[in-house]
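Data block below; observations after.
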Amino acid sequence: MKNVLKFLGIFIFTLFIVTACSDDDDPADNDIFAGTYKGKVTYISKGETITKDDGSVFVTKLSGDTYNFKFSDKIPSLNGIKMKKGENNTLILEDGALGAISISAGKLNINYTKDGQYWSANATR
1451 MKNVLKFLGI FIFTLFIVTA CSDDDDPADN DIFAGTYKGK VTYISKGETI
1501 TKDDGSVFVT KLSGDTYNFK FSDKIPSLNG IKMKKGENNT LILEDGALGA
1551 ISISAGKLNI NYTKDGQYWS ANATR
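Going by my numbering, the sequence shown opens with residue 1451, and the numbers climb by one from there.
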């Protein structure tokens, strides 16, 4: 009976370890890009210019490949931006707008123009 209990204990422990150490996590499925990035932010629209060296951008992942970028300092947000995964877990702009958004776990660069408005960010975590 002791041997059966030992075997069962070892089996359950092994099953737990194998399950806990799964390699099937895809970084694109995780929210590694979500969070606050701090640095220089700029917004230009119809004669209005907002530039802050100590601004921030809060990134949220809505679902799949869609992200929101909420700027500090009364800069309008960029919402519903479609991105695709690039090399080294970098996300790049895919929605056909003029500009580029490059985001990694530690760095965010935005140069984005849409409907006569311009957003820029050079920020890190």
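Note that beta-carbon positions come from the ideal geometry of N, C-alpha and C, so glycine has one too.
Note that the structure is a prediction, hence the values are computed from the model and not measured.
Residue i: first and last residue of the uninterrupted beta strand (DSSP E) it sits in
{"i": "serine 1570", "result": "1567-1574"}
{"i": "serine 1506", "result": "1498-1513"}
{"i": "phenylalanine 1483", "result": "Run containing phenylalanine 1483: none; DSSP gives neither H nor E here."}
{"i": "serine 1520", "result": "The sequence shown places lysine at residue 1520, rather than the serine named in the question. Start and end: 1516-1521."}
Per DSSP, the bridge partner or partners of residue i
{"i": "glycine 1530", "result": "The partner list for glycine 1530 (beta bridge, DSSP) is empty, contrary to what the question assumes."}
{"i": "isoleucine 1494", "result": "Thr1499, Tyr1568"}
Residue of the options minimising C-alpha distance to residue i
{"i": "alanine 1484", "options": "Ala1550, Leu1558, Asp1523", "result": "Leu1558"}
{"i": "alanine 1555", "options": "Gly1505, Thr1563, Thr1574", "result": "Thr1574"}
{"i": "lysine 1564", "options": "Asp1481, Ser1495, Ile1482", "result": "Ser1495"}
{"i": "glycine 1497", "options": "Ala1550, Asp1481, Gly1566", "result": "Gly1566"}
Whole-number beta carbon distance between residue j and residue i, since they are thought to touch under 8 Å
{"i": "proline 1526", "j": "tyrosine 1493", "result": "7 Å"}
{"i": "lysine 1490", "j": "aspartate 1503", "result": "5 Å"}
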